[in-house]
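S.K.:
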Amino acid sequence: MPGEEIGSKWLAAAAPQTMGPRSRDDERRVRLRQNRMYATGLLAAMGATYFGTYAVPDPSFPVLLIRAGAEGGAVGGLADWFAITALFRRPLGLPIPHTAIVPRSKERIGNAVALFIEENFLTREVVLRRLRDAQLGHRIVDWLATPERAPQIAASITRSLPQLLRALDNPELHDFVRRALGEQMERVDIAPVLGRLLNALTTSGEADRLFDTATDAALSWLEQHREDIYRIVGERSRWWIPKAIDKRIAQAIVDGVSELLSHLHQPDSDVRRQFRNAITQLVDELLHSPERRTQVDAAKRRLLSHPDVQNWIGSLWRNALAAALHDLEQPSPKTQATIENLLHATARAIQADPRALAQIEAGIEKIALTLVVRRAEIGAVVADVVRGWDERSMSERLELTIGSDLQYIRMSGTLVGASVGALLFAAVHLLGIAD
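Numbering (the numbering used here), first residue to last: 34 to 468.
1) So the alpha helix (DSSP H) A88 belongs to, where does it begin and stop?
2) Roughly how many whole angstroms lie between the Cα atoms of H131 and I435?
3) Classify S302: buried if its beta carbon has 16 or more other beta carbons within 10 angstroms, exposed otherwise.
4) Starting from the C-beta of T379, find all residues in its chain whose C-beta is less than 8 Å away, skip the five residues before and the five after it, and write them out in chain order.
5) To the nearest angstrom, how far is it from the Cα of A455 to the Cα of V96?
6) So, is V554 buried or exposed, given that buried needs 16 or more other C-beta atoms within 10 angstroms?
7) What residues in its chain sit with their C-beta under 6 Å from that of T82, if we drop five residues either side in the sequence?
8) Please work out which residues of its chain come closer than 8 Å, Cβ to Cβ, to N153, disregarding the five sequence neighbours upstream and downstream, and give them in chain order.
9) Just the C-alpha distance for E256 and V342, rounded to the nearest angstrom, thanks.
10) In three-state terms, what does DSSP make of P300?
11) So, is L428 buried or exposed, given that buried needs 16 or more other C-beta atoms within 10 angstroms?
12) Could you give the residue range of the alpha helix (DSSP H) that holds L456?
13) Rounded to the nearest angstrom, what separates A48 and A416 at their Cα positions?
14) Could you tell me the boundaries of the alpha helix (DSSP H) in which I372 lies?
15) How long is the line joining the alpha carbons of G36 and R443, rounded to whole angstroms?
16) Could you tell me if W114 is buried or exposed, where buried requires 16 or more neighbouring beta carbons within 10 angstroms of its beta carbon?
17) Taking contact to mean 3 or more Cβ pairs, one atom from each stretch, closer than 8 Å, check whether the segment 376-390 and the segment 168-186 are in contact.
18) Can you tell me the Cα-Cα spacing of L404 and R430, whole angstroms?
19) Using only CA atoms, which one of A200, K276, E324, A251 lies nearest to S470?
20) Pull up the CB-CB distance for G412 and I150, whole angstroms please, since I reckon it's below 8 Å.
21) Whole angstroms are fine: how far does the CA of L376 sit from the CA of A391?
22) Give me, in chain order, the residues of the same chain whose beta-carbon lies closer than 8 Å to that of Q168; leave out the 5 immediate sequence neighbours on both sides.
23) Less than 7 Å between C-beta atoms, sequence neighbours within five positions excluded: which residues of the same chain meet that for I117?
24) Tell me the DSSP secondary structure of E38 in three-state form.
25) Spatial neighbours of F121 within its chain, please: C-beta separation below 6 Å, excluding the five flanking residues on both sides.
26) In whole angstroms, give me the CA-to-CA distance for A78 and I400.
27) Is I397 closer than 8 Å to L164 when the C-beta atoms are compared?
28) I'd like to know if the segment 313-331 and the segment 276-292 are in contact, where contact means that at least 3 CB-CB pairs between them fall below 8 Å.
29) F458 and L98: beta carbons closer than 8 Å?
30) With H, G and I counted as helix, E and B as strand and the rest as coil, what does DSSP make of V329?
31) For L361, collect the residues of the same chain with a Cβ closer than 7 Å to its Cβ; drop the 5 residues on either side in sequence, then sort them by chain order.
32) Report the three-state DSSP secondary structure of R123 (helix, strand or coil).
33) Compare the C-alpha of L227 against each of H321, N310, I265 and name the closest.
34) Let me check understanding here. Comparing Cα to Cα, which of R309, V406, Q67, A389 lies closest to F244?
35) Among I129, R325, D208, which one has its Cα closest to the Cα of P225?
36) Taking the straight line between their C-alpha atoms, what separation do you get for G109 and M70?
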């Protein structure tokens, strides 16, 4: 319908500041000027025809029929010109009541548009139906899974990362990160975490392998530094003790430690069983003993409050930024490849998982439904925006958008008026009503 077409074009006009490119405005302006010229030319032709018939002496029926048609066309064209002009401005600048409707009804139009959007676009049924028909989640994932898409996105991200990372490199942010990490680590109850970690290591057998590696390393170190140990013992011994005695003492110490480590290395030895029992008891205390958890928490706080640890936490942020910037400055940054692989792998994994796709679609619907919940607020924003438009620019913009089509109404009105005028004259003549 013409009314619906005009309404849709009015909505497409949007705000004056957010219209399309200037070239589109120029095209609309040219089309409006042409159609206005055609409509005005047709009206002028009707007027010229009407007055021209009076130049015919003793006019016949066809001449009178043409005169009646031209008269009706002129009246219809003038009426439609007045009606269309009255929408946007005062015809001929005259203060005629109920003219310049658009500028004078700016607030009412804004409220009507807001209400129209609320009741016809931002309803739960419309939003959900459109989203489910569009399947945005599937389209987004398919788009990301396209082989050439991940490199493009990764390249765009890596191009913008250096500026972002440099903006993050400032002393205030460093101090904030240091304090934030420290505070977060202080809040963590570390005893249960340590307990569960030790329990996982012991039950999985990893603890035994780690312990064997550690005892092997300790035994190897003792053998490699046996002579150094002898020398250190001799240097720290009393002057009156013979060197042979010092060496025998040092040898006994090294042999005793080596024997202990050897027993610890044997899985079924008593020393190894005692060690396992000690670990089991420690795990139980870390998980269930308030006293042990208090001791661990106190040790953690002492460690975190140490200046060297505080400096180390702060250096983590600086080192991470420096490493990232250094990588991004390389010809083929690893960061870009990592982002590319992550995007592509994630998209492919989601494609193969119907439940993940369903969750993405549900998330999109949930986000979209927030618009429905806040549709009154959105409508109020639309109304406020329309009320804030300048009356003249609003009128000009709206006329530029739909005015070209309205000129067809002028032409149609002129032709319809001419047809009706001619038909009425013919009917009166045929019925013999005229004198």
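Don't be surprised by glycine CBs; every beta carbon is placed ideally from N, CA and C.
M.R.: Looking at the coordinates:
1) By 1-based counting over the sequence shown, the position of residue 88 is 55. Per DSSP, A88 belongs to no alpha helix (DSSP H) and is neither H nor E.
2) As a first step, residue 131 must be located in the sequence shown, where it is residue number 98. As a first step, residue 435 must be located in the sequence shown, where it is residue number 402. Rounded to the nearest angstrom, the two C-alpha atoms are 20 Å apart.
3) Along the sequence shown, one-based indexing puts residue 302 at 269. By the 10 Å Cβ count, S302 comes out exposed.
4) Within the sequence shown, the letter at position 346 stands for residue 379. Hits under 8 Å: L177.
5) Translated into the one-based positions of the sequence shown, residue 455 becomes position 422. Translated into the one-based positions of the sequence shown, residue 96 becomes position 63. Distance between the alpha carbons of A455 and V96 is about 11 Å.
6) For the chain, the structure presents residues 34 to 468; residue 554 sits outside this window and is missing.
7) Position 49 of the sequence shown, counted from the first residue, corresponds to residue 82. Hits under 6 Å: A103.
8) The residue labelled residue 153 in the question sits at position 120 within the sequence shown. For N153, where only same-chain residues beyond five positions count, the Cβ hits under 8 Å are V159.
9) As a working note, residue 256 is residue 223 in the sequence shown. As a working note, residue 342 is residue 309 in the sequence shown. Roughly 34 Å between the two C-alpha positions.
10) For the purposes of this step, residue 300 is taken as the residue at position 267 of the sequence shown. The answer is coil: DSSP assigns P300 none of H, G, I, E or B.
11) The residue given as residue 428 occupies position 395 in the sequence shown. One detail in the question is off: residue 428 reads as Ser in this sequence, not Leu. Buried, because 16 or more other Cβ atoms sit within 10 Å of the Cβ of S428.
12) Here the question's residue 456 lines up with position 423 in the sequence shown. Unbroken alpha helix (DSSP H) run through L456: 424-464.
13) On the sequence shown, position 15 is the one that residue 48 refers to. On the sequence shown, position 383 is the one that residue 416 refers to. Note that A48 scores a pLDDT of 40, beneath 50, so its modelled location is shaky and nothing firm can be said.
14) For the purposes of this step, residue 372 is taken as residue 339 along the sequence shown, with counting starting at 1. First-last of the alpha helix (DSSP H) with I372: 367-384.
15) Here the question's residue 36 lines up with position 3 in the sequence shown. Here the question's residue 443 lines up with position 410 in the sequence shown. Since pLDDT at G36 reaches only 41, below the 50 mark, its modelled position is unreliable, and the value read off the structure follows with that caveat. Straight-line Cα distance between these residues: approximately 15 Å.
16) Position 81 of the sequence shown, counting from 1, holds the residue named residue 114. The residue is buried, with at least 16 neighbouring Cβ atoms inside 10 Å.
17) Counting C-beta pairs with one atom in each stretch, the segment 376-390 and the segment 168-186 have three or more that are closer than 8 Å, which means they touch.
18) Your numbering for residue 404 matches position 371 in the sequence shown. Your numbering for residue 430 matches position 397 in the sequence shown. Computed Cα separation, rounded: 28 Å.
19) There is no way to answer for residue 470, as the model of the chain reaches only from 34 to 468.
20) The residue you call residue 412 lines up with position 379 of the sequence shown. The residue you call residue 150 lines up with position 117 of the sequence shown. Contact flag correct, Cβ pair sits at about 6 Å.
21) If you number the sequence shown from 1, residue 391 lands on position 358. If you number the sequence shown from 1, residue 376 lands on position 343. Those two C-alpha atoms are separated by around 19 Å.
22) The sequence position of residue 168 within the sequence shown is 135, counting from 1. Only E394 meet the Cβ criterion.
23) On the sequence shown, residue 117 is found 84 positions in, with the first residue counted as 1. Once the five neighbours on either side are set aside, the close Cβ partners of I117 are L439, I442, R443.
24) For the purposes of this step, residue 38 is taken as the residue at position 5 of the sequence shown. For E38, the predicted structure reports a pLDDT of 45, less than 50, and the residue's modelled location is therefore unreliable. A value from the coordinates is still provided. Per DSSP, reduced to three states, the secondary structure at E38 is helical.
25) The residue given as residue 121 occupies position 88 in the sequence shown. Cβ neighbours of F121 beyond the five flanking positions: V135, S428, E432.
26) In the sequence shown, counting from the first residue as 1, residue 78 sits at position 45. In the sequence shown, counting from the first residue as 1, residue 400 sits at position 367. Their backbone Cα atoms lie some 59 Å apart in a straight line.
27) As a position in the sequence shown, residue 164 is number 131, starting the count at 1. As a position in the sequence shown, residue 397 is number 364, starting the count at 1. With respect to the 8 Å criterion, L164 and I397 are classified as neighbours on the basis of their beta carbons.
28) No, the segment 313-331 is not in contact with the segment 276-292.
29) Numbered from 1 along the sequence shown, position 425 holds the residue referred to as residue 458. Numbered from 1 along the sequence shown, position 65 holds the residue referred to as residue 98. Against a cut-off of 8 Å, the Cβ pair of L98 and F458 comes out as a contact.
30) Counting from one through the sequence shown, the residue named residue 329 turns up at place 296. Residue state, collapsed to three classes: helix.
31) Taking the sequence shown and counting its residues from 1, the one referred to as residue 361 is at position 328. So the list reads T191, L194, P195, T368, once near-sequence residues are dropped.
32) Position 90 of the sequence shown, counted from the start, is the residue given in the question as residue 123. Reduced to three states, the DSSP call for R123 is coil.
33) Position 194 of the sequence shown, counting from 1, holds the residue named residue 227. Measuring from the Cα of L227, the nearest candidate turns out to be H321.
34) If you number the sequence shown from 1, residue 244 lands on position 211. If we check each option's Cα against that of F244, R309 comes out closest.
35) On the sequence shown, position 192 is the one that residue 225 refers to. When only C-alpha atoms are compared, the closest one is R325.
36) Residue 109 sits at position 76 when you count from the first residue of the sequence shown. Residue 70 sits at position 37 when you count from the first residue of the sequence shown. If I take the Cα positions, the gap works out to 17 Å.
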